[in-house]
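J.: Residue numbers (the UniProt record's numbering): 1 to 602. We treat Cβ as the ideally placed atom computed from N, Cα and C, and that holds for glycine. The structure presented is a predicted model; accordingly, all values stated were derived computationally and were not measured.
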């Protein structure tokens, strides 16, 4: 993905578009910029064009001799509109094979893989397996003229380097995670390998001549995974036997079995998520997360839907597409400015079956029911009684809820209303969101707000550049606040650099789900700078914590309790969110939700 300096005409050495247009036989058009800088493509069947922008694909399809295949590598995202999902979908319907890799192409391939777009490479696999990654992680700044030399390094390249250095045993895992966290905290134009090398020296005291320092300083040349992905894809396509055709695919059917994918393809995410300054609205979730929850919601055509948390308006537009012209979406948000913004966008896109209201989402839409579906994008302590009251018989609620008092112990559940008016739990998934509030808030500091002890950046032993270290566990609530802080500082000071007891093939998020179901006394959640969100076991004598989304280990003292919990989880078959069922407990003003293992997982 190209940064702010990609407005000019980008050219990669190779056949010009005009020459390629005169060639007979099949062509593959490659939209690329910085990822293929200085590369000459020898195969005359490849035609190289500048990074893709909105409108390029329709223009390509309108040419007299449209290509058989398109490779999306780099694309505009800041000062020009990004290539739209509908444009890619139109190319697929026309029988053009569409590949994506490296940068914007990898992101679009993840979003449209169910529609037939083919993803390729390390970056694509990272985004596919880790929903919620930001598009800024592939962004970089480069010179405005050829040869478009980088002036920053994308986060995915730095992550690729750290992964290789940790895998080779040259860098401890916890150091690698702190390096990556340091780069992630920077605005994308400020990220580069030189800063990563300097950070490594600060963490380790290494000399400038240290081998790891030298490797990091040469990272732009050695670890450009975006470039590697693009070259590998082109070599794969180039390996076809001489004289064979790529061939047009059978045009896609207009209707696809996956209604959610079709609805999302009809609504362009960038139109709703982008801000005037080229950034991203904070109140918008990644498309893969939205898709997963809308599939859980499964609204039928003609459904009346209540949405809690309008945000950017993107999910509202998708819900309206799913409901169809005979359906209705009523959406509530606590922030009036978001309602005004979303209303204007929906009107500009001719979305006629959606109504918006500023208000407390916990009240639902008074007088507006009954609804066939309720979709919430904010985490509630209790499922409000008003939602259940406004739900039609056999109606469904999909909502993120807090499951346990510990911080970061939440999940999204699917509930159904029985003909008798009761709520029953049906399914659980791991998606979580900001809290459901009764008043507008401009920021959210994450689960730290619910933690039992927080060491803010700048506290005695804390690096001011690091996010706060926090811990949460029932055992901490029995200790005085000042003593909690002393214990937390001691854990940071006396941590051990040891190998994690979790194996490479084990999913720590599944382990976290299991712990929320069994709720053992030592259960501890935490945020550890350099490691991110962690879960494990703790007591005043020590903690043993494993990151939920990356490799690493934080331990101070014995890890016997953690190993016992891991053993019990393994004995149960390593159940995760898919093996949990929600349990509904009526409360004074709503319904408290816990989870338990399904019978087959016990």
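Which residue marks the beginning of the alpha helix (DSSP H) containing residue 474, and which one marks its end?
T.: Locating residue 474 in the chain shown gives position 474, counting from the first residue. Neither: residue 474 is in no alpha helix (DSSP H) and is coded neither H nor E.
J.: Round the Cβ separation of residue 525 and residue 518 to the nearest angstrom and send it over; I've been treating them as touching at under 8 Å.
T.: To locate residue 525, count along the chain shown from 1; it is residue 525. To locate residue 518, count along the chain shown from 1; it is residue 518. Incorrect: roughly 14 Å between the Cβ atoms, too far for contact.
J.: Could you tell me the alpha carbon to alpha carbon distance between residue 68 and residue 418, rounded to whole angstroms?
T.: Here residue 68 refers to the residue found at position 68 of the chain shown. Here residue 418 refers to the residue found at position 418 of the chain shown. Distance between the alpha carbons of residue 68 and residue 418 is about 52 Å.
J.: Please go through the region 507-592 and give each complete alpha helix (DSSP H) segment of 4 or more residues, from N-terminal end onward.
T.: Qualifying alpha helix (DSSP H) stretches, in chain order: 508-518 and 560-571.
J.: Starting from residue 210, trace the beta strand (DSSP E) in both directions and tell me its first and last residue.
T.: What you label residue 210 is simply residue 210 of the chain shown in a count that begins at 1. Careful: residue 210 lies outside any beta strand (DSSP E) and carries neither H nor E.
J.: Would you mind sorting residue 606 into buried or exposed? The rule is 16 or more other CB atoms within 10 Å of its CB.
T.: Because residue 606 is not part of the residues shown, which for the chain are 1 to 602, the question remains open.
J.: Leaving out five residues on either side along the sequence, give the residues of the same chain with a beta carbon under 6 Å from the beta carbon of residue 315.
T.: In the chain shown, counting from the first residue as 1, residue 315 sits at position 315. 290, listed in sequence order.
J.: Which residue from 497, 105 and 452 puts its Cα closest to that of residue 486?
T.: Against the chain shown, residue 486 aligns to sequence position 486. Nearest C-alpha to residue 486: 452.
J.: Give me the residue from 124, 354, 60 and 147 with the minimum Cα distance to residue 325.
T.: For the purposes of this step, residue 325 is taken as residue 325 along the chain shown, with counting starting at 1. If we check each option's Cα against that of residue 325, 354 comes out closest.
J.: Excluding the 5 residues flanking residue 514 on each side, which residues of the same chain have their C-beta closer than 6 Å to its C-beta?
T.: Residue 514 sits at position 514 when you count from the first residue of the chain shown. Closer than 6 Å at the Cβ level, and outside the excluded window around residue 514, lie 569 and 575.
J.: Evaluate residue 595 with the Cβ neighbour count: other Cβ atoms within 10 Å of its Cβ, from every protein chain shown; 16 or more gives buried, anything less gives exposed.
T.: Against the chain shown, residue 595 aligns to sequence position 595. It is buried - the Cβ of residue 595 has at least 16 other Cβ atoms within 10 Å.
J.: Straight-line CA distance for residue 371 to residue 57?
T.: Walking along the chain shown from the start, residue 371 turns up at place 371. Walking along the chain shown from the start, residue 57 turns up at place 57. Cα-Cα distance, rounded: 40 Å.
J.: Taking the straight line between their C-alpha atoms, what separation do you get for residue 546 and residue 508?
T.: Numbered from its first residue, the chain shown carries residue 546 at position 546. Numbered from its first residue, the chain shown carries residue 508 at position 508. The alpha-carbon atoms of residue 546 and residue 508 are separated by roughly 7 Å.
J.: Does DSSP put residue 117 in a helix, in a strand, or in coil?
T.: Within the chain shown, numbered from 1, the residue matching residue 117 stands at position 117. Residue 117 falls in the coil class under three-state DSSP.
J.: State the DSSP-derived secondary structure class of residue 228, mapped to helix, strand or coil.
T.: As a working mapping, residue 228 is identified with position 228 in the chain shown. Here residue 228 sits in helix by DSSP.
J.: Using the Cα positions of residue 275 and residue 563, report the straight-line distance between them to the nearest angstrom.
T.: Walking along the chain shown from the start, residue 275 turns up at place 275. Walking along the chain shown from the start, residue 563 turns up at place 563. Approximately 46 Å between the Cα atoms of the pair.
J.: Where residue 112 and residue 98 are concerned, what is the direct C-alpha to C-alpha distance, given to the nearest angstrom?
T.: Stepping through the chain shown from its first residue, residue 112 is reached at position 112. Stepping through the chain shown from its first residue, residue 98 is reached at position 98. Cα to Cα, residue 112 sits roughly 10 Å from residue 98.
J.: Assuming residue 139 contacts residue 150 (C-beta within less than 8 Å), just tell me the rounded distance between them.
T.: Here the question's residue 139 lines up with position 139 in the chain shown. Here the question's residue 150 lines up with position 150 in the chain shown. With a Cβ gap of about 11 Å, residue 139 and residue 150 do not count as contacting.
J.: Between which two residues does the beta strand (DSSP E) harbouring residue 70 extend?
T.: Here residue 70 is taken as the residue at index 70 of the chain shown, counted from 1. Its beta strand (DSSP E) spans residues 69-72.
J.: Since I believe residue 471 is in contact with residue 619 (beta carbons under 8 Å), could you give me their beta-carbon distance rounded to a whole number of angstroms?
T.: It is not possible to answer for residue 619, since the shown part of the chain is limited to 1 through 602.
J.: Around the Cβ of residue 224, are there at least 16 other Cβ atoms within 10 angstroms (buried) or fewer (exposed)?
T.: In the chain shown, counting from the first residue as 1, residue 224 sits at position 224. Classification of residue 224: buried, given that the 10 Å Cβ count is 16 or more.
J.: What does residue 30 pair with, by DSSP beta-bridge criteria?
T.: Translated into the one-based positions of the chain shown, residue 30 becomes position 30. In DSSP, residue 30 forms a bridge with 48 and 71.
J.: Whole angstroms are fine: how far does the CA of residue 429 sit from the CA of residue 152?
T.: Locating residue 152 in the chain shown gives position 152, where the first residue counts as 1. Locating residue 429 in the chain shown gives position 429, where the first residue counts as 1. Rounded to whole angstroms, residue 152 to residue 429 spans 37 Å at the Cα level.
J.: Going along the chain, which residues of its own chain have a beta-carbon closer than 8 Å to the beta-carbon of residue 392, five neighbours each way excluded?
T.: Within the chain shown, numbered from 1, the residue matching residue 392 stands at position 392. Result list for residue 392: 304, 369, 370, 371, 372 and 417, in chain order.
J.: Over what stretch of residues does the beta strand (DSSP E) that includes residue 331 continue unbroken?
T.: For the purposes of this step, residue 331 is taken as the residue at position 331 of the chain shown. That run of the beta strand (DSSP E) goes 328-333.
J.: Provide the residue span of the alpha helix (DSSP H) that contains residue 613, from first to last.
T.: Shown here, the chain extends from 1 to 602; a query on residue 613 therefore has no answer.
J.: State buried or exposed for residue 226, treating a residue as buried only when at least 16 other CB atoms are found within 10 Å of its CB.
T.: Here residue 226 refers to the residue found at position 226 when the chain shown is read from its first residue. Result: buried.
J.: Between residue 286 and residue 132, what straight-line distance do the alpha-carbon atoms span, to the nearest angstrom?
T.: Numbered from 1 along the chain shown, position 286 holds the residue referred to as residue 286. Numbered from 1 along the chain shown, position 132 holds the residue referred to as residue 132. Their backbone Cα atoms lie some 5 Å apart in a straight line.
J.: Can you give me the C-alpha to C-alpha distance between residue 165 and residue 172, rounded to a whole angstrom?
T.: Taking the chain shown and counting its residues from 1, one reaches residue 165 at position 165. Taking the chain shown and counting its residues from 1, one reaches residue 172 at position 172. Answer to the nearest angstrom: the Cα atoms are 9 Å apart.
J.: Going by DSSP in three states, residue 435 sits in which element: helix, strand or coil?
T.: Residue numbering aside, residue 435 sits at position 435 when the chain shown is read from its first letter. The answer is strand: DSSP assigns residue 435 an E or B state.
J.: How many Å lie between residue 180 and residue 65 at the Cα?
T.: Along the chain shown, one-based indexing puts residue 180 at 180. Along the chain shown, one-based indexing puts residue 65 at 65. Distance between the alpha carbons of residue 180 and residue 65: 45 Å.
J.: Measuring alpha carbon to alpha carbon, tell me which residue in 39, 88, 38 and 33 is nearest residue 59.
T.: For the purposes of this step, residue 59 is taken as residue 59 along the chain shown, with counting starting at 1. With distances taken between Cα atoms, residue 59 lies closest to 88.
J.: Count the other CB atoms within 10 Å of the CB of residue 333; is the residue buried (16 or more) or exposed (fewer)?
T.: The residue labelled residue 333 in the question sits at position 333 within the chain shown. Label assigned to residue 333: buried.
J.: Identify whether residue 129 lies in helix, strand or coil by the three-state DSSP scheme.
T.: Residue 129 sits at position 129 when you count from the first residue of the chain shown. Residue state, collapsed to three classes: helix.
J.: For the candidate residues 384, 500, 95 and 130, whose alpha-carbon lies nearest to that of residue 107?
T.: Walking along the chain shown from the start, residue 107 turns up at place 107. When each option's Cα is compared against that of residue 107, the closest is 130.
J.: Indicate whether residue 607 and residue 213 have their beta-carbon atoms separated by less than 7 Å.
T.: Missing from the structure shown is residue 607; the chain here goes from 1 to 602 and no further.
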